[in-house]
Amino acid sequence: MVVEKLVAGGYSLAHLPNNKAVLLDGGYPDEFVEIQIDREKKDLAFGRVTKVLTPSQKRRKPRCKHFGECGGCRWQDIEYSYQLDMKREILREQFFRIAHMDVEVEKVEASPNEFEYRNIAEFTFQARKLGFKRWRSSSVVDIKRCWICPKTFSDIARRMREIVEILNLPIYNWKSSEGVLKHLVLRQNSRGDLMIIIVTKTEHLPNSREITRLMTRHFPAASIVHLMNAKDSIVLRGPYRILKGEGVITEETDWYTFQIPPTAFFQVNLPVALKMAEYVYEEIHPDKNAVLIDMYTGVGFLAINSSHGFRKVLGVDSNRVAIKAAVSNANINRVRNVEFVNQDVEDFATNMPECDRVILDPPRQGISKRVLEKIVDRRPKRVLYVACDTASLARDVRKFVDAGYKLEKLAIFDMFPQTHHIETVATLTM
Ligand SMILES: C[S@@+](CC[C@H](N)C(=O)[O-])C[C@H]1O[C@@H](n2cnc3c(N)ncnc32)[C@H](O)[C@@H]1O
1351 MVVEKLVAGG YSLAHLPNNK AVLLDGGYPD EFVEIQIDRE KKDLAFGRVT
1401 KVLTPSQKRR KPRCKHFGEC GGCRWQDIEY SYQLDMKREI LREQFFRIAH
1451 MDVEVEKVEA SPNEFEYRNI AEFTFQARKL GFKRWRSSSV VDIKRCWICP
1501 KTFSDIARRM REIVEILNLP IYNWKSSEGV LKHLVLRQNS RGDLMIIIVT
1551 KTEHLPNSRE ITRLMTRHFP AASIVHLMNA KDSIVLRGPY RILKGEGVIT
1601 EETDWYTFQI PPTAFFQVNL PVALKMAEYV YEEIHPDKNA VLIDMYTGVG
1651 FLAINSSHGF RKVLGVDSNR VAIKAAVSNA NINRVRNVEF VNQDVEDFAT
1701 NMPECDRVIL DPPRQGISKR VLEKIVDRRP KRVLYVACDT ASLARDVRKF
1751 VDAGYKLEKL AIFDMFPQTH HIETVATLTM
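In the numbering used here, the protein residues as written are 1351 to 1780.
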């Protein structure tokens, strides 16, 4: 059969002889393929490509030896410029399907680095393995080298495996909930400073001094942090203890400096994030008499980047550690017109303050109907919606449009080359 197109979620799409749509793992548009059906519903089937009979001209040899096995990169075997074309098409399709809107994507900003662009990676321990999850599975692939991360990350992971062996450290068992070591999270800033975060189920990290000593021998300048997280559904949460070095990693941009604590979110691809922040600043139409609210502010990245154009900026986030860092980031940068509130946006929206502009950068699930209504009640002239999920973005934009807003522009900032993930900025105007 022929693969028709790529669709959201990392699938390709084809139709069975009886015209039923089938979502496939693997395959690129216009390829003749053989497939195997894994699951069938009334009007949709799921399957995988077992053989490519006529490969796409856009195919290339993947750089990573874990490609196809590891769930991280889906598109490493296709040219980068084609990945960007596909993201544009998928975004248009999502708006058509979910929001019933025929949209143009005005801009697709490529990442300057196709590989080694990530400044954070979350490795998972599983038995003797340390790596990333398989595609649609909870089983871990032992990663020897990840090409979208700096090489140092793979070197640190290798050292961590050795340390586990030397000290015979207990690995967490994800089924029985016994054991200790859950994740190894690595962060690196543009200057090359490293933060090594060891995440445990338990409060106690056995041999922590020995671990620090053995790691420091190979990575003398790295900070080392022990994070205690009893919750299995999320990686970076819970109290932490600094075993060595600084408790924050510092990112210096041309304009501002940001301190990022171990458990706070920060944009993973800094060069692209800076382009995105510049674009958000232009699109929000700064006004020295206006008030801007940055909801889901994290460590204040977009709030502080936009602060010089406004009378007042208010940043909101439910992560206490992130907000503490956001306050100190405002101080470090001598930004005096930004305030930060540590609150869930659901509660914050209950008494939504008067405002002229809003930036939204929520997690994958988007914003709730109630929060959206509270924003619309305040009638901000411009809303900049930054989204890492196209489905929730299309759903929420539809609601803004129904409430009287116009979708003025859509732009993609390719934060995640080699993967099917799409980072979008939507400009909504009143
Ligand atoms: C995608 S990050 C955006 C961070 C920030 N805009 C930036 O550019 O660095 C999403 C943020 O939303 C926060 N968050 C998630 N759910 C929230 C909620 N219900 N209320 C407030 N903040 C929330 C997280 O703590 C995280 O900092």
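In this text, a Cβ means the ideal position worked out from N, Cα and C, and glycines have one as well.
> Between the Cα of S1718 and the Cα atoms of E1602, L1743, N1692 and S1583, which residue gives the shortest distance?
Replying inline: L1743
>> Let me check you understand the geometry: is the CB of N1369 closer than 7 Å to at least one non-hydrogen atom of ligand 1?
In response: no
>> If the criterion is Cβ atoms closer than 8 Å, does the pair L1710 and V1453 meet it?
In response: no
> For T1474, does the three-state DSSP call read helix, strand or coil?
Replying inline: strand
> Taking the alpha helix (DSSP H) that Y1378 falls in, what are its first and last residues?
Replying inline: Unbroken run through Y1378: none, as it is neither H nor E.
>> Is N1669 a contact residue of ligand 1, with contact defined as CB to any heavy atom under 7 Å?
In response: yes
> Under the rule that 16 or more other beta-carbon atoms within 10 Å means buried, what is G1665, buried or exposed?
Replying inline: buried
> Hey, does A1627 have any beta-carbon neighbour from chain B nearer than 8 Å?
Replying inline: Protein chains in the displayed structure number just one, and chain B is not present.
> Is the beta carbon of E1696 within less than 7 Å of some heavy atom of ligand 1?
Replying inline: yes
> Just to confirm, does C1496 get its C-beta within under 7 Å of one of the non-hydrogen atoms of ligand 3?
Replying inline: Of the ligands this structure carries, namely ligand 1, none is ligand 3.
> Thinking just about the alpha-carbon of each residue, which of K1415, I1546 and P1379 is nearest to the one in V1399?
Replying inline: P1379
>> For the beta strand (DSSP E) containing M1645, name the first residue and the last one.
In response: D1637 to M1645
> Got a sec: does ligand 1 put a non-hydrogen atom nearer than 7 Å to the Cβ of G1542?
Replying inline: no
> What number of angstroms, rounded off, separates the C-alpha of A1507 from the C-alpha of K1479?
Replying inline: 10 Å
> So what does S1573 bridge to, in DSSP terms?
Replying inline: M1545
>> At 3 residues or longer, what runs of the beta strand (DSSP E) sit wholly inside the segment 1725 to 1771?
In response: 1732 to 1737 and 1756 to 1763
> So the beta strand (DSSP E) Y1590 belongs to, where does it begin and stop?
Replying inline: Y1590 to K1594
> In terms of alpha-carbon separation, which member of R1486, L1577, E1472 and D1582 lies closest to S1526?
Replying inline: D1582
> In the DSSP assignment, what are the bridge partners of V1708?
Replying inline: I1643 and V1733
>> Could you check whether R1745 and I1513 sit closer than 8 Å to each other, using their CB atoms as the reference points?
In response: no
> What's the gap between the Cα of E1443 and the Cα of D1427?
Replying inline: 23 Å
> Curious, which full-length beta strand (DSSP E) runs of at least 3 residues does the segment 1484 to 1538 contain?
Replying inline: 1490 to 1492 and 1531 to 1538
>> Please tell me whether V1535 and E1472 are closer than 8 Å, where the distance is taken between their beta carbons.
In response: yes
> For H1365, which residues of its own chain have a beta-carbon under 8 Å away from its beta-carbon, when the five flanking residues on both sides are left out?
Replying inline: M1351, E1354, A1371 and V1372
> In its own chain, which residues sit with a C-beta less than 6 Å from the C-beta of M1702, not counting the 5 before and 5 after it?
Replying inline: K1724 and R1728
>> Could you give the first and the last residue of the continuous alpha helix (DSSP H) run that contains S1326?
In response: Coverage of the chain is limited to positions 1351 through 1780, which leaves residue 1326 absent and any answer about it impossible.
> Closest to R1720 by CA distance: which of D1694, M1436, T1566 and T1740 is it?
Replying inline: D1694
>> I'd like the list of long-range same chain contacts for I1561, defined as Cβ closer than 8 Å, with 5 residues on each side in sequence excluded.
In response: I1513, L1517, L1519, I1548, L1555, I1574 and L1593
> With burial defined as no fewer than 16 other Cβ atoms inside 10 Å of the residue's Cβ, what is the status of K1638: buried or exposed?
Replying inline: exposed
> What residue range is occupied by the uninterrupted alpha helix (DSSP H) comprising V1649?
Replying inline: Taken as a continuous stretch (DSSP letters only), V1649 belongs to no alpha helix (DSSP H), as it is neither H nor E.
> Ordered along the chain, which non-local residues of its own chain (more than five positions away) have a Cβ less than 8 Å from that of L1394?
Replying inline: K1370, A1371, V1372 and L1373
>> Between P1747 and P1730, how many whole angstroms is the CB-CB distance? I'm expecting something under 8 Å.
In response: Reading off the sequence, residue 1747 comes out as Val, not Pro. Not really, about 15 Å apart at Cβ, beyond 8 Å.
> Is the closest heavy atom of ligand 1 to the C-beta of Y1646 under 7 Å?
Replying inline: yes
>> Suppose contacts are defined by Cβ-Cβ distances below 8 Å. Is E1419 in contact with V1491 by that definition?
In response: yes
> Beta carbon of V1618, beta carbon of N1463: below 8 Å?
Replying inline: no
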